[in-house]
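**Student:** In the working numbering, the protein residues as written are 53 to 822.
Even for Gly, the Cβ is constructed at its ideal location relative to N, Cα and C.
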Ligand code: BGC
C-alpha cells in the first residue's frame with residue numbers, strides 16, 4: 053500500500069516527483085470522455101518507467117492467444133483495446149538539451165487531477181544537466197462536450213537564461229501495445245500529410261480494419277499575443293508533426309496550445325474521416341483552449357450535480373468516492389450502445405478493455421441511479437445485440453436449441469479470453485446478464501423492455517441453464533458440474549452455490565416474464581416464440597422441474613450453504629491467522645497451493661446473498677457472513693463492496709468502514725500493488741454501492757425506494773443523490789438524523805427504516821438517525 057496522494061476533497065494531488073511511482077500515477081491521473089482516454093503520460097516524453105497509453109473506445113485488435121487455441125472450443129484470440137496514436141506528444145530541445153524528467157533535476161513537481169472541472173495539470177521546475185532552469189506548467193483534457201477533441205496548454209518560462217527552444221509537435225501512430233502477445237504492431241499506415249499549421253495521420257488496425265484519423269494544429273503565444281514562426285514539416289512512417297524554433301527570453305512565459313481531433317471509422321465512412329477530423333479540429337481551434345475548458349467545467353458541474361457524494365469529517369473517504377465517480381463518468385457516458393465498460397476503463401491495457409460481468413453485476417446500479425434511464429438501457433442493449441453471438445458461443449461448446457452463453461470477456465459478442473478454467477467456466481456471468489434485466493425493469497419501471505428485447509435474452513439464457521444442468525440419479529436432484537464461481541481461486545468445481553442459485557432464479561423469472569408478456573402483449577409473445585421456435589409447454593415444464601429440484605450444497609452442522617461440493621474438506625484457516633507475509637496470496641503462492649486452500653478471492657456465496665437478499669432472514673445472512681468473510685482475501689477489487697453492503701445490513705459498522713476504505717482508495721493508495729497496469733474502474737461502481745446500498749441501505753421495495761441508513765463513526769455526515777423514475781432525491785445522513793429531500797416536481801413515496809412516508813414536491817422530511 054502506498055500513501056503518497058495528498059488528501060483533498062476535489063483534487064487528486066501528487067507533490068514532489070516520484071519517478072518510482074510514475075506508472076501508478078499515470079493510471080490514477082488518467083483522463084477520458086467515454087470516447088477516448090489518455091494515461092497521464094508527460095507531453096514531453098519520459099525516459100524512465102512509463103506506459104504510454106492513448107485509447108479509443110471500441111477500437112480493438114484480436115491478438116492471437118499464446119495458449120489453448122488448439123483445443124476444441126477455445127477462442128483463437130484475446131481481444132485487446134489498442135494503444136492508439138500518441139496525440140499529446142511534443143519534443144522540447146533547449147539549446148541542444150532534451151527536456152526529459154528522467155535526465156534532469158526536478159523541483160516543485162506537482163500533478164493535479166481536477167475532478168470538479170475535468171482536467172489534468174502538472175507543474176515543475178526542470179534543471180537541465182547544463183544548469184539551465186525552466187518552469188513548466190501544463191494543462192490538458194479530452195472534452196466531454198466535443199468528444200473528438202483533446203487539447204493541451206503548455207507553458208514554458210526560462211528562469212536563468214535566454215535561448216532557443218527547438219520544438220516538435222507531433223502525432224505518433226507508430227506505437228505498440230505492451231501486452232502484444234507476439235510483440236507485433238497492430239496498426240498500419242493509411243495516410244499522412246503535413247501542411248503549414250496542420251498535420252493529419254490516418255492509421256488502420258490490422259485484421260479488424262478500424263481506421264483512426266487524427267488531425268492537429270497549434271498556436272504559440274508570447275506576451276499575451278500569438279506569434280508566427282517558421283515551421284518545417286516532420287514526417288516518418290506513421291508520424292507527422294511540425295518543427296519550429298521558439299526564441300525564449302528569461303523570465304518570460306511562452307504558451308503552446310495544441311489541439312487534436314480524432315475520429316474513427318466506427319462513426320464515419322473511412323473516406324470521410326479526414327474531412328470530419330479537420331472540421332472538428334477547426335471548430336475546436338476557433339473556440340480556443342480557454343472556451344473549451346470553460347465548457348468542460350460547465351459540463352462536469354452538471355455531471356456532479358446529479359452524481360456527487362459528499363462525506364463530512366473524513367477527507368480520505370471524500371476524495372476516494374469522488375475519484376471513483378469521476379472515473380466512472382469519464383469511462384462510460386451511455387451515448388453509444390456499442391460501447392461498454394472495461395475493467396480498467398481508459399487507464400491501462402490490462403483486461404484488454406473488454407466487457408466482463410462486472411458491468412451487469414456492479415456498474416449497472418451506479419448508472420441507473422445517477423443518469424437518465426437510456427444510459428443503463430444502452431448497457432442492456434449492448435448484450436441484446438450480442439445475443440446471436442452468445443448463441444454461437446454456446447454452439448461452439450456443443451449446446452443446441454438456441455441456448456446462449458454470453459462471453460466472460462468480449463469486444464464484439466464473441467468470447468475472447470484464453471483461460472479455460474477461470475474464465476470460460478465462469479458461466480455464472482449468464483446469470484448476471486439476466487439479473488440486469490430484472491434490475492433495470494424494476495428500477496425504471498420500463499416494462500416495455502421485456503417484450504421488445506429482454507425476454508428473448510432471458511429465454512436463450514434459460515435454455516442454456518436447462519441444457520447445462522444434469523439430473524443426478526444418486527442425489528435425485530439437478531446438479532451443475534465443472535464450473536468456476538465468482539471466486540476464481542476454485543476452478544472446475546461442482547455445484548457452486550451462487551451459480552446454481554442464479555440459474556434457478558433466472559429460470560423462474562423467465563417463466564414469470566413469459567406470463568407477463570402473454571397477459572400484456574400476446575402478439576409479440578407469439579411472434580417471439582415463432583422466431584426462436586420456442587416449445588412453451590415442454591420447455592417451461594422442464595425449467596419448472598429444475599427450479600424445484602436443484603441441488604445446493606449445505607452443511608447441516610453449520611447451517612450454511614457451502615460455496616461448492618467438498619468445500620469443508622479443505623483445511624479451514626482464517627485469513628487473520630495467516631502470517632501477513634503470505635498476502636496477497638496471488639503474488640506469494642503457487643496456483644496449486646491457492647486452489648487447494650480454503651481462501652476465497654472474492655464474494656461468492658455472499659454474492660448470492662447480496663443478489664437475493666430478500667430470500668434470507670437476517671440470522672441466515674449473519675451466519676453466512678460470519679463464516680465467509682474471515683476466509684475471504686478480497687484479492688479481486690470487486691469483493692469488498694459486497695461485504696460492505698452486507699456488513700452494513702448487519703450493523704457491523706467497523707467492518708463495513710474498514711472494507712469501504714479498501715474499495716474507495718484501492719487505486720489511490722495502490723492497495724493491491726497493481727495500479728501501474730491501470731485503475732480498477734468497474735470496481736469503482738462497487739465503491740458507490742458501498743455508500744448508497746451499504747451505509748445508505750438503499751433498496752427497492754417493488755416500485756418504491758427504501759433507505760435504512762447507518763453512519764460510520766469516523767464520519768460527521770454523508771450525502772448522496774438518487775434519480776428514480778423522474779424524481780431526484782437527496783439523502784443526507786448525520787449521526788443525529790436523516791434528511792430526505794425531494795428535489796423534483798413529483799410527489800415521492802419512500803420507505804425510511806421500513807416506514808412508508810410521502811414527501812411533497814420540492815420539500816423534505818427529517819427522520820431519526822440510527
Ligand atoms: C475477477 C473477475 C472480474 C475480472 C475483471 C477478476 O480478477 O475475479 O470477477 O470479472 O477480474 O474485473
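1. For residue 211, report the span of its alpha helix (DSSP H) as first-last.
2. Please classify residue 642: is it buried, with 16 or more other beta-carbons within 10 angstroms of its beta-carbon, or exposed?
3. For the region 159-166 against the region 115-133, are there 3 or more C-beta pairs whose distance is under 8 Å?
4. Answer with buried or exposed for residue 626, where buried requires no fewer than 16 other C-beta atoms within 10 angstroms of its C-beta.
5. In whole angstroms, give me the CA-to-CA distance for residue 666 and residue 357.
6. Can you determine whether any heavy atom of ligand 1 sits closer than 7 Å to the C-beta of residue 395, and answer yes or no?
7. Mind checking whether the beta-carbon of residue 402 lies closer than 7 Å to any heavy atom of ligand 1?
8. Taking the runs of the alpha helix (DSSP H) that are 4 residues or longer, which of them lie wholly in the region 584-611?
9. Could you work out which residue in 529, 511, 520, 607 is closest to residue 560 when comparing CA atoms only?
10. DSSP has residue 731 in a bridge; who is on the other side?
11. Check the C-beta distance from residue 343 over to residue 205 and give it rounded, since I have them as a contact under 8 Å.
12. Tell me where the alpha helix (DSSP H) around residue 701 begins and ends.
13. Less than 8 Å between the CB atoms is what I'm expecting for residue 332 and residue 263, so what's the real figure, rounded?
14. Would you list the residues sitting across from residue 363 in a DSSP beta bridge?
15. Quick check on residue 623: buried or exposed, where buried means 16 or more other Cβ atoms within 10 Å of its Cβ?
16. Please report the Cβ distance between residue 100 and residue 63, rounded to the nearest whole angstrom; I am assuming they are in contact, meaning their Cβ atoms lie under 8 Å.
17. Determine which residues share a DSSP beta bridge with residue 272 and list them.
18. With a 10 Å radius around its C-beta and 16 neighbouring C-beta atoms as the bar for buried, classify residue 254 as buried or exposed.
19. Starting from the C-beta of residue 301, find all residues in its chain whose C-beta is less than 6 Å away, skip the five residues before and the five after it, and write them out in chain order.
20. Quick check: the region 192-204 against the region 80-88, are there 3 or more CB pairs under 8 Å?
21. What is the rounded straight-line gap between the Cα of residue 703 and the Cα of residue 762?
22. Starting from residue 294, trace the beta strand (DSSP E) in both directions and tell me its first and last residue.
23. Counting only beta-carbon atoms, is residue 372 nearer than 8 Å to chain B?
24. Find the nearest neighbour of residue 551 within the set 730, 66, 521, 260, judged by alpha-carbon distance.
25. Can you grab the Cα-Cα spacing for the pair residue 240 / residue 504, in whole Å?
26. So is the beta-carbon of residue 256 under 7 Å away from any non-hydrogen atom of ligand 1?
27. Grab me the residues of residue 168's own chain with a C-beta within less than 6 Å of its C-beta, minus the 5 sequence neighbours each way, in chain order.
28. Give a single yes or no on whether residue 653 has its beta carbon closer than 7 Å to a heavy atom of ligand 1.
29. Contact check, residue 690 vs residue 410 under 8 Å by CB: the rounded distance?
30. How about residue 882: is its Cβ closer than 7 Å to a heavy atom in ligand 1?
31. Is the region 243-257 close to the region 284-302, with three or more CB pairs under 8 Å?
32. Would DSSP call residue 776 helix, strand or coil?
33. If you measure from the CB of residue 538, is any heavy atom of ligand 1 nearer than 7 Å?
34. Report the three-state DSSP secondary structure of residue 483 (helix, strand or coil).
35. Can you tell me where the beta strand (DSSP E) holding residue 200 begins and where it ends?
36. Taking only heavy atoms of ligand 1 into account, decide whether any of them is closer than 7 Å to the Cβ of residue 137.
**Tutor:** According to the structure data:
1. Numbered from 1 along the chain shown, position 159 holds the residue referred to as residue 211. Unbroken run through residue 211: none, as it is neither H nor E.
2. For this step, residue 642 is matched to residue 590 along the chain shown. Result: exposed.
3. no
4. Numbered from 1 along the chain shown, position 574 holds the residue referred to as residue 626. With fewer than 16 other Cβ atoms inside 10 Å of its own Cβ, residue 626 counts as exposed.
5. The residue given as residue 666 occupies position 614 in the chain shown. The residue given as residue 357 occupies position 305 in the chain shown. If you take the alpha carbons of residue 666 and residue 357, they lie about 32 Å apart.
6. Counting from 1 along the chain shown, the entry for residue 395 is found at position 343. True, at least one ligand heavy atom lies under 7 Å from that Cβ.
7. The sequence position of residue 402 within the chain shown is 350, counting from 1. Relative to the non-hydrogen atoms of ligand 1, the Cβ of residue 402 never comes closer than 7 Å to any of them.
8. 588-601
9. Here the question's residue 560 lines up with position 508 in the chain shown. The option with the nearest alpha carbon to residue 560 is 511.
10. The residue given as residue 731 occupies position 679 in the chain shown. Bridge partners of residue 731: none, in fact.
11. Translated into the one-based positions of the chain shown, residue 343 becomes position 291. Translated into the one-based positions of the chain shown, residue 205 becomes position 153. Wrong, their Cβ atoms sit about 12 Å apart, outside the cutoff.
12. Sequence index remark: in the chain shown, residue 701 carries index 649 (1-based). Run containing residue 701: 691-701, per the alpha helix (DSSP H) assignment.
13. Position 280 of the chain shown, counted from the start, is the residue given in the question as residue 332. Position 211 of the chain shown, counted from the start, is the residue given in the question as residue 263. Not confirmed; about 15 Å, so no contact.
14. To locate residue 363, count along the chain shown from 1; it is residue 311. Partner residues in the beta bridge of residue 363, as assigned by DSSP, are 770.
15. Position 571 of the chain shown, counted from the first residue, corresponds to residue 623. Per the 10 Å Cβ criterion, exposed.
16. Walking along the chain shown from the start, residue 100 turns up at place 48. Walking along the chain shown from the start, residue 63 turns up at place 11. With 8 Å as the limit, residue 100 and residue 63 do not qualify as a contact, their Cβ atoms being about 24 Å apart.
17. Here the question's residue 272 lines up with position 220 in the chain shown. Beta-bridge pairing links residue 272 to 308.
18. Numbered from its first residue, the chain shown carries residue 254 at position 202. The residue is buried, with at least 16 neighbouring Cβ atoms inside 10 Å.
19. Counted from its first residue, the chain shown places residue 301 at position 249. Excluding positions up to five away in sequence, the list reads 214.
20. yes
21. Numbered from 1 along the chain shown, position 651 holds the residue referred to as residue 703. Numbered from 1 along the chain shown, position 710 holds the residue referred to as residue 762. Straight-line Cα distance between these residues: approximately 8 Å.
22. If you number the chain shown from 1, residue 294 lands on position 242. Counting along the chain, the beta strand (DSSP E) containing residue 294 begins and ends at 291-300.
23. In the displayed structure, chain B is absent; only one protein chain is listed.
24. Residue mapping note: residue 551 aligns to position 499 of the chain shown, counting from 1. Measuring from the Cα of residue 551, the nearest candidate turns out to be 521.
25. Along the chain shown, read from residue 1 onward, the residue named residue 240 stands at position 188. Along the chain shown, read from residue 1 onward, the residue named residue 504 stands at position 452. Residue 240 and residue 504 have their C-alpha atoms spaced approximately 41 Å apart.
26. Here residue 256 is taken as the residue at index 204 of the chain shown, counted from 1. Checking the Cβ of residue 256 against ligand 1 gives no.
27. Taking the first residue of the chain shown as 1, we reach residue 168 at position 116. These residues qualify, in order along the chain: 62.
28. One-based indexing of the chain shown puts residue 653 at position 601. Yes, the Cβ of residue 653 comes within 7 Å of a heavy atom of ligand 1.
29. Along the chain shown, one-based indexing puts residue 690 at 638. Along the chain shown, one-based indexing puts residue 410 at 358. Yes, they are in contact, since the Cβ atoms of residue 690 and residue 410 sit about 6 Å apart, within 8 Å.
30. Given that the chain is displayed from residue 53 to residue 822, the structure contains no residue 882 and the question cannot be resolved.
31. yes
32. As a position in the chain shown, residue 776 is number 724, starting the count at 1. Looking at residue 776 - three-state DSSP - the assignment turns out to be strand.
33. As a position in the chain shown, residue 538 is number 486, starting the count at 1. Residue 538 Cβ: within cutoff of ligand 1.
34. As a working mapping, residue 483 is identified with position 431 in the chain shown. The answer is helix: DSSP assigns residue 483 an H, G or I state.
35. Here residue 200 is taken as the residue at index 148 of the chain shown, counted from 1. Residue 200 -> no beta strand (DSSP E), and no H or E assigned at all.
36. Here residue 137 refers to the residue found at position 85 when the chain shown is read from its first residue. Taking non-hydrogen atoms of ligand 1 into account, the C-beta of residue 137 is found less than 7 Å away from none of them.
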